[in-house]
Structure formats: structure tokens, C-alpha cells
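Using our numbering, the final residue of the sequence shown is 296, and nothing's skipped along the way.
Below: the structure, in C-alpha cells.
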Amino acid sequence: MLTVIHLRAETKPFERRSPLSPKTAKALLHAGHIVRVERYPERIYKDEEFEAAGAELVPTGSWRDAPTDNIILGLKELPDVDAPLRHTHVTFLRVFKKQTGHEIWLRRFKEGGGALYDLEVLADENNRRVASFGYSAGYAGAAIALFSWAHQVLHPDTPQGPVPGFDDTPALADYVKSALEPAIKANRGQPPKIIITGALESDIFINCVYLGWSNFKNPTLPTSKPLEKGPEVRIIAIDHLPTLIARESSDEYSSLLLPSLLTLDKRGTEGVWTRAEKIFKEKVAEVS
């Protein structure tokens with residue numbers, strides 16, 4: 009039985025990543041799957057790259073009217089509408105830990121008869137995730153922290169402006185260096201002190217803290233009143249940091265995800281899919 013994988017366009021602002029690359033699309037096609045890709049000008053890979061790989065280009069948003077046996081592949085959340093969800097979706101939806109609105113989403117799947125294989129819970133037999141953006145998220149977050157520190161040194165009491173996207177990590181590294189050089193000079197030649205956890209004296213603290221969303225237009229959130237000494241404490245809480253280096257992060261992620269996608273035709277018996285399906289069914293059963 010042929011498996012149709014339908015890559016949908018993203019709707020989240022500045023989301024340029026893709027869980028499928030032209031290279032991995034070609035591998036799926038070579039394995040006998042059918043790959044359809046929605047046109048999406050913001051995606052880091054051009055539509056023509058997918059077309060050259062052999063994928064069929066289809067209109068943006070056409071997943072809604074696709075046959076229900078098509079697998080809808082995406083990355084970030086689905087459009088926030090009330091329609092029942094009839095398809096099987098492979099995406100990050102983040103509804104299994106009772107996040108805000110989780111019951112609404114799960115109820116839509118229940119009403120439509122669809123299914124969700126959340127990318128966050130695709131795991132091997134040792135419960136290790138098969139694919140993640142962890143490295144890219146850390147890299148991008150550290151870069152934005154350095155931008156923010158440099159901005160505070162050079163422009164105290166002035167809001168930080170938007171952060172641009174980059175084609176690759178060397179371009180991002182050059183941008184960081186150009187921001188740091190004048191800031192270090194203005195800081196009496198002292199670079200920022202950076203910690204992961206535990207140290208008391210630092211300028212940048214890297215940890216898992218959630219207070220609300222920031223974004224690439226407004227990358228930091230204030231968390232304190234002005235301090236007697238030093239700049240105010242600010243938080244970076246961007247929930248899709250890896251899109252800052254979208255091509256490299258997508259290349260890596262799609263390669264990690266590919267072995268699992270290749271087994272979608274066996275999802276009824278393949279462990280990575282049956283484990284994810286079990287979690288979904290348990291969570292759907294909890295909603296009325």
C-alpha cells in the first residue's frame with residue numbers, strides 16, 4: 009500500500025524550518041512513498057528544490073481537502089480553527105502535558121477521527137527521541153543572548169530590535185562577532201561571563217525558564233525592575249529558536265527523522281509509531 013506524505017505549509021510567523029528536506033523527500037520517493045509539498049515561500053527550501061527532487065507541488069493549505077489516508081507532515085502548531093481533524097498528523101502540537109487549550113485540540117481529533125503522532129514523543133525502544141532540534145536551539149539561544157548583552161552594553165534603556173534570520177551558522181557567527189566587538193570595547197575590554205548553571209557571578213544565564221513568549225521581533229522579555237548595578241534581567245523565551253539557522257537545523261532534523269518516516273507504511277506495527285499512537289489514544293480518552 010502506497011503511503012502519501014503531504015508536507016503542509018507552516019502558519020507560525022517567521023517559521024522557516026521544515027521536517028522534510030529535498031534530500032529526505034527524494035529518499036522517501038525512492039523508497040516508494042508519494043510526497044506532496046505545499047507551496048510556501050517562507051520555507052528555507054525553495055519549492056523548486058522539492059520539485060527537482062521529484063515531489064509534487066500542491067497549493068498552500070490543500071491538506072484540509074486531501075484524502076483522509078494521507079499523512080499530513082508539519083512542524084509547528086496547526087491553524088487555530090474549530091473544524092474536526094480528520095487526518096493523521098505528524099507534527100509538534102504539544103497537547104499531551106495539559107498545556108493551555110489541549111482539550112480543544114484533542115477533542116477536534118476525537119470528533120474528526122484523525123490521529124496525532126506528536127514529534128515530541130517519537131522515541132525508540134529506550135525512550136530516546138528519534139529526532140530533536142536541541143543543538144540548534146542551544147546554538148541560536150546563545151547567539152541571541154550575546155546580541156542582547158551587547159545591546160544592553162551599547163544601548164542601555166533602549167528596547168532591542170528584531171533579530172534577522174541567517175542562511176548558515178558561519179553567517180550567524182560573523183554577526184555575533186560584529187555585535188560583540190564594540191560592546192566588549194565599551195565594557196572596558198571585558199567580554200560577557202557566561203554560565204550554564206550554578207555560578208553566582210555572570211552576565212548571561214542559560215537555563216530552562218518560562219514566563220511567556222518572546223519572538224524574533226522582540227527577542228527578550230523584562231523580568232525585573234532596574235537594578236542598582238548593572239542592566240536589568242531579561243529572558244529569551246522564543247519557542248522556535250532553531251529557525252534562526254533554518255537550513256542547517258532542518259537538514260539535521262530531517263535526516264534524523266527520515267528513518268522513522270521510511271516506516272510510515274508499517275506504522276501499525278513499527279514501535280516508534282505504535283508507542284506514539286498509544287500516548288495519543290490515552291490522552292484522547294481523557295477528554296469528554
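Glycine included, every Cβ here is placed at the ideal spot set by N, Cα and C.
- Burial of G82 is indicated by the presence of at least 16 other C-beta atoms within 10 angstroms of its C-beta.
- Counting every other CB atom within 10 Å of its CB across the protein chains shown gives E64 a total below 16, marking it as exposed.
- For H163, no beta strand (DSSP E) segment is defined, and its DSSP state is neither H nor E.
- The residues A191, A194, N195, in chain order, have a CB closer than 6 Å to that of V161 in the same chain once the five nearest residues on each side in sequence are set aside.
- Going by C-alpha positions, R51 is about 21 Å away from N78.
- I112 counts as exposed, since fewer than 16 other C-beta atoms from the protein chains shown sit within 10 angstroms of its C-beta.
- Shown here for R255: same chain residues with a beta carbon closer than 7 Å to its own, the five before and five after excluded, namely I52, D175, D176 in chain order.
- Residues R94 of the same chain have their beta carbon placed closer than 7 Å to that of G121, with the five preceding and five following residues left out of the count.
- In summary, V171 is buried, with 16 or more beta-carbon neighbours lying within 10 Å of its beta-carbon over all protein chains present.
- Rounded to whole angstroms, K31 and A61 show a C-alpha spacing of 7 Å.
- Here DSSP, grouped into helix, strand and coil, assigns H248 to coil.
- Pairing R25 with F58, the inter-Cα distance amounts to about 14 Å.
- Between the C-alpha atoms of R283 and T271 there is a straight-line separation of about 14 Å.
- When rounded, the separation of the alpha-carbon atoms in I13 and H41 is 7 Å.
- Of V138, N226, P67, S296, the smallest CA-CA separation from P21 is found for N226.
- In this structure, the CA atom of D273 is about 7 Å from the CA atom of L10.
- Taking C-beta separations shorter than 6 Å and ignoring five residues to either side along the sequence, the partners of V129 in its chain run A284, I287, following chain order.
- Under DSSP, E46 forms a beta bridge with V66.
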